[in-house]
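Here is the structure we will look at, set down as structure tokens.
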Amino acid sequence: MAIPGAEAGLTPITAIALVGALGVGAQYIAWRLQLPAIVLMLVAGIVAGPVTGLLDPARDIGPLVAPIVSLAVAIILFEGGLTLNRHKLSDAAKGVRRLVFIGAPLGWLSSALTLHYGAGLGWATSAVFGGIMIVTGPTVIAPLLRQARLARRPAALLQWEAILNDPIGALAAVFAFEVVIVRHTAATAGDAAQELILGIALATVLGAAAGYGLATAFKRGLVPEYMKVPVLFVVLVGVFALSDAGLHESGLLAVTIMGVVIANAELPSYAEIRRFKEHATVLLVSGVFILLAASLDFAMLERLNWRAALFIGLVIGVARPLTVLISLVGTGLPWREKLLIALTGPRGVVLVAVAGLFGERLAAVGIEDGALVAPLAFALVAVTVVLHGFTLKPLAQLLGLAGSDTPGVLLVGGSGWSTALAEALQKSGVPVLLTDPNRSHLRTARQLGLSTFFGDVLSEAAEHNLELAQYARLVALTDNDAYNTLVTTDLAPEYGRDNVFQLARAKEGQARHALPATLGGRVFAQGRSFDELQALTRAGWEFRSTTLSEEYDFEQWRVERPDALLVTAIYPKGELRFPREDSSLKGGDGVRLIYFAPPKPKQKAQSEA
Numbered sequence: 131m132a133i134p135g136a137e138a139g140l141t142p143i144t145a146i147a148l149v150g151a152l153g154v155g156a157q158y159i160a161w162r163l164q165l166p167a168i169v170l171m172l173v174a175g176i177v178a179g180p181v182t183g184l185l186d187p188a189r190d191i192g193p194l195v196a197p198i199v200s201l202a203v204a205i206i207l208f209e210g211g212l213t214l215n216r217h218k219l220s221d222a223a224k225g226v227r228r229l230v231f232i233g234a235p236l237g238w239l240s241s242a243l244t245l246h247y248g249a250g251l252g253w254a255t256s257a258v259f260g261g262i263m264i265v266t267g268p269t270v271i272a273p274l275l276r277q278a279r280l281a282r283r284p285a286a287l288l289q290w291e292a293i294l295n296d297p298i299g300a301l302a303a304v305f306a307f308e309v310v311i312v313r314h315t316a317a318t319a320g321d322a323a324q325e326l327i328l329g330i331a332l333a334t335v336l337g338a339a340a341g342y343g344l345a346t347a348f349k350r351g352l353v354p355e356y357m358k359v360p361v362l363f364v365v366l367v368g369v370f371a372l373s374d375a376g377l378h379e380s381g382l383l384a385v386t387i388m389g390v391v392i393a394n395a396e397l398p399s400y401a402e403i404r405r406f407k408e409h410a411t412v413l414l415v416s417g418v419f420i421l422l423a424a425s426l427d428f429a430m431l432e433r434l435n436w437r438a439a440l441f442i443g444l445v446i447g448v449a450r451p452l453t454v455l456i457s458l459v460g461t462g463l464p465w466r467e468k469l470l471i472a473l474t475g476p477r478g479v480v481l482v483a484v485a486g487l488f489g490e491r492l493a494a495v496g497i498e499d500g501a502l503v504a505p506l507a508f509a510l511v512a513v514t515v516v517l518h519g520f521t522l523k524p525l526a527q528l529l530g531l532a533g534s535d536t537p538g539v540l541l542v543g544g545s546g547w548s549t550a551l552a553e554a555l556q557k558s559g560v561p562v563l564l565t566d567p568n569r570s571h572l573r574t575a576r577q578l579g580l581s582t583f584f585g586d587v588l589s590e591a592a593e594h595n596l597e598l599a600q601y602a603r604l605v606a607l608t609d610n611d612a613y614n615t616l617v618t619t620d621l622a623p624e625y626g627r628d629n630v631f632q633l634a635r636a637k638e639g640q641a642r643h644a645l646p647a648t649l650g651g652r653v654f655a656q657g658r659s660f661d662e663l664q665a666l667t668r669a670g671w672e673f674r675s676t677t678l679s680e681e682y683d684f685e686q687w688r689v690e691r692p693d694a695l696l697v698t699a700i701y702p703k704g705e706l707r708f709p710r711e712d713s714s715l716k717g718g719d720g721v722r723l724i725y726f727a728p729p730k731p732k733q734k735a736q737s738e739a
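As structure tokens, then:
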């Protein structure tokens, strides 16, 4: 039922504002409720669009919808390319090569077969649509990985496959369409091949040249810092437009190559550039999904019959698993990782956008079932988004490839006090990793069976080898106040500023040594410094834990232990809190307290024994 007055439509500015509010709002609600953001965005777009009629992109925004979506997808793919640093591949490199060089053509073949025998499409339409179905959608994969917190290697494989196969799928569709055109029109095979080859060559050269040129200019200081992102954005849009003008959809290949080149150029300002692009991508993914869902025409879906359900079932249950499992034969990957990747193949915006375009082109040259491409594409995207949105995290946990429900803690610094804290947290069921660049500082931790990493937490080795997805909090506990501040400042964007903590600095109270709020982490151990904690450790203080109940609440605990230093509160659902002071803690039934306390009096200790 449409909302009264909705037929009049919104102004373009109001429509764009509504798209942004719905997209970002859906992501925020998903974060609060721990639900798949992609699913909520899809629902929000459908409710605002075809259900209520409040938002109709074609009516409210007009002919700008298609260019907006195209540019958004280009920026999303470029940002994805920026994440593809070859050093991060390490042991996943062989699997990525297989998924691209074997998985892409095999996926094309298996998709075409499911379209022909499952959906009942002709071979011409199946070949074109099958090429598009190679893509697994970086617009969907990124939010899913963020929510599921997968282990490093399967996450890297899914991310690289999605980003690299997106332009390959679009170009495969272009190739198949050129073949169809030759067979159904007066065009010659030579002309079609020449157009395709020149288009791909142009995209490759443009992307590589732009990436190398920007990296060189940034390294030599030819572009001022404040203009780097604007220059990058303008070049990105220019490369996409030029390449697409030469061969439709080749712009996706050009911007992906450009992003990969910049990602591997070791730019000093790479982190700032990537951070900005990540923020832009969150907005763009939100907006594109809302536009996609709001543009849905229920009448279009009415063209589908039972064969559409058969087709989707075959894609999810047969084509995707077989493609992945055959591609990854001989890679040495554990079967659990192969199975997770095989059962994870969500489709996204690129599939719908490109499929709609080629569906119209096929229908224009007289291939009637080309009209079914767009509704089949949307149905596949909707089903896979909902399915993987709700099943990826449980499946990963079932296979042991996701972080614990209890957020882990990364402790930087292997002192006696931090080692004791790590032991107390682990005994309470909290995943802990203790890091230190001095191997001897980790000796006791290793003897206690704690997880350790020998090396600098800011090093490339740490970035490429640590399963950081398992840890939701970071605490800097070294004896070097400057290093603690550096670690928390550098990693705050990764963990979130509310999730990085450090010990109080020795001279923090002096105005000459005070730091701005943009540097460092939050207060830990209720404002105690390293020297103060070490002194208490030498005095015999030790970590203990207590679980609160209705009969034994926080106030009673504090009365019995007035000198204890409360460090951590673990709530029944696994939430961790590091209180700044006792008054900031809201305790209750089932809350477990970990605290640092003075030694028990000998007489009391003997009586308790």
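With the numbering used here, you'll find the sequence shown wraps up at 739, consecutive numbering, no jumps.
By construction, the Cβ of each residue, glycine as well, lies at the ideal position given by its N, Cα and C atoms.
Quick check on Q324: buried or exposed, where buried means 16 or more other Cβ atoms within 10 Å of its Cβ?
exposed
Pull up the distance between the alpha-carbon of A302 and that of G261, whole angstroms please.
5 angstroms
Which whole-angstrom value is the C-beta distance of P709 and L696, which I expect to be below 8 angstroms?
6 angstroms
Quick one: what's D566 bridged to in DSSP?
F584
Decide yes or no for the touch test of the region 235–242 against the region 408–428: beta carbon pairs closer than 8 angstroms, at least 3 of them.
no
Assumed close pair G538, P561 - CB separation to whole angstroms, cut-off 8 angstroms
3 angstroms
For the beta strand (DSSP E) that Q686 lies in, which residues bound it at each end?
Where Q686 is concerned, there is no enclosing beta strand (DSSP E), although the alpha helix (DSSP H) it sits in stretches over 684–690.
Length of the line joining the Cα atoms of G291 and A223
Note that residue 291 corresponds to Glu in the displayed sequence, not to Gly. In a straight line, the C-alpha of E291 is about 11 angstroms away from that of A223.
Distance between L328 and G343 (C-alpha atoms, nearest Å):
22 angstroms
To the nearest angstrom, how far is it from the Cα of R691 to the Cα of A727?
8 angstroms
By alpha-carbon positions, which one of A483, F673, A512 ends up nearest to L382?
A483
Leaving aside the five residues before and after L413 along the sequence, list all residues of the same chain whose C-beta is less than 8 angstroms from its C-beta, in chain order.
G150, G153, V154
Cβ atoms of M388 and L336: under 9 angstroms apart, would you say?
yes
Can we say the region 508–519 touches the region 489–497, given the rule of at least three CB pairs closer than 8 angstroms?
no
Please determine if the region 672–685 and the region 546–562 are in contact, where contact requires at least 3 C-beta pairs separated by less than 8 angstroms.
yes
For G559, which three-state DSSP category applies?
coil
Among residues of its own chain, excluding the 5 on either side of Y701, which ones have a beta-carbon nearer than 6 angstroms to its beta-carbon?
V721
Hey, how far is the Cα of S581 from the Cα of A575?
8 angstroms
Quick check: the Cα distance between V359 and Y682, rounded to an integer number of angstroms?
56 angstroms
Where the beta strand (DSSP E) containing G538 begins and where it ends:
538–542
Using a Cβ-Cβ cutoff of less than 7 angstroms, which residues in the same chain neighbour E553 once the five nearest sequence positions on both sides are dropped?
L578, L580
Sorted by chain position, which residues of the same chain lie with C-beta nearer than 7 angstroms to F307's C-beta, five sequence neighbours on each side aside?
V258, F488, R491
Using CA atoms only, rank isn't needed, just tell me which of R652, Y601, A602, R466 is closest to T619.
R652
Bridge partner(s) assigned by DSSP for I774
Since the first and last residues shown for the chain are 131 and 739, residue 774 lies out of range.
Apply the 10 Å Cβ neighbour rule to E432 and answer buried if 16 or more other Cβ atoms are within range, or exposed otherwise.
exposed
Would you decide whether K703 is buried or exposed? Buried here means 16 or more other CB atoms lie within 10 Å of its CB.
exposed
So the candidates are V448, A160, M171; which of them puts its Cα closest to the Cα of I420?
M171
Member of A338, D374, T334, E396 whose CA lies at the smallest distance from the CA of R350:
E396
Are there three or more Cβ pairs, one per stretch, closer than 8 angstroms when the region 539–550 is compared with the region 606–626?
yes
Using a Cβ-Cβ cut-off of 7 angstroms (strictly less than) and excluding sequence neighbours within five positions of A504, which residues of its own chain qualify?
M430, A485, G486, G489
What three-state label does DSSP hand T676 in the structure shown?
strand
Short Cβ contact (9 angstroms threshold) for R688 with T461
no
Would the region 440–458 and the region 177–187 be scored as touching if the rule is three or more Cβ pairs under 8 angstroms?
no
Smallest Cα separation from L148: which of A331, Y158, L184?
L184
Backbone CA spacing between A472 and A384 [nearest angstrom]:
28 angstroms
Report all residues from its chain with a CB closer than 6 angstroms to the CB of E738; omit the five preceding and five following residues, and keep chain order.
Unreliable positioning characterises E738 in this predicted model, as indicated by a pLDDT of 42, which lies under 50. The coordinate reading is nonetheless provided below. Nothing meets the Cβ criterion.
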